[in-house]
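This report concerns only the one structure given below.
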Amino acid sequence: MKKRKKKIIAAIAVICIPLLIWAGVFFTDFACVSKIKEPVFAEIANYGGNHPYYKGLGYGIEIKYYEGTENIEEIVMYSAFGTVINAVIVCY
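Quick note on numbering: the sequence shown equals residues 33 to 124 in the numbering used here.
Below, the structure is given as structure tokens:
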């Protein structure tokens with residue numbers, strides 16, 4: 033009985049630990065989008081003009097800058113399925 037219980041606990045840990053790490057990464061980038069900052073963990077996948085696109089595990093972030101400046105005009109976070117999770121439009 034003890035061996036079975038240890039195996040169950042180990043299996044739960046193997047599933048939960050990566051899930052918790054992913055949640056920390058996701059919510060860190062989610063907070064960056066909310067605070068109008070570039071993501072910390074997502075890697076840049078495409079840079080077209082003033083619209084860089086960042087890819088994370090299960091999400092993407094698109095940033096639009098005001099032309100000729102480094103000020104963020106719009107930042108949008110998408111799920112892996114293309115739905116908007118979080119978005120901020122900045123008016124200066």
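Backbone N, C-alpha and C fix where the C-beta goes; we use that ideal spot for every residue, glycine too.
**Message:** Here's a check: name, in chain order, each residue in its chain whose Cβ is nearer than 8 Å to the Cβ of F62, leaving out the five neighbours to either side.
**Reply:** Excluding residues within five positions, the ones whose Cβ falls inside 8 Å are M109, I117 and N118.
**Message:** If I follow the unbroken beta strand (DSSP E) through A63, where does it start and stop?
**Reply:** From DSSP, A63 is part of no beta strand (DSSP E) but of the alpha helix (DSSP H) over K34 to S66.
**Request:** Check each candidate in G90, K96, I68 and F73 and name the one with the smallest Cα separation from G80.
**Result:** Residue K96 is the option with its Cα nearest to G80.
**Asked** How about the region 67-86 and the region 47-54: do they share at least three Cβ pairs that are nearer than 8 Å?
**Response** Touching, no.
**Message:** I need the straight-line Cα distance from N78 to I93, nearest angstrom please.
**Reply:** So the alpha carbons of these two residues sit roughly 11 Å apart.
**Message:** Among the candidates G114, G100 and V122, whose CA atom is the shortest distance from the CA of I107?
**Reply:** Comparing Cα-Cα distances from I107 to each of G114, G100 and V122, the minimum goes to V122.
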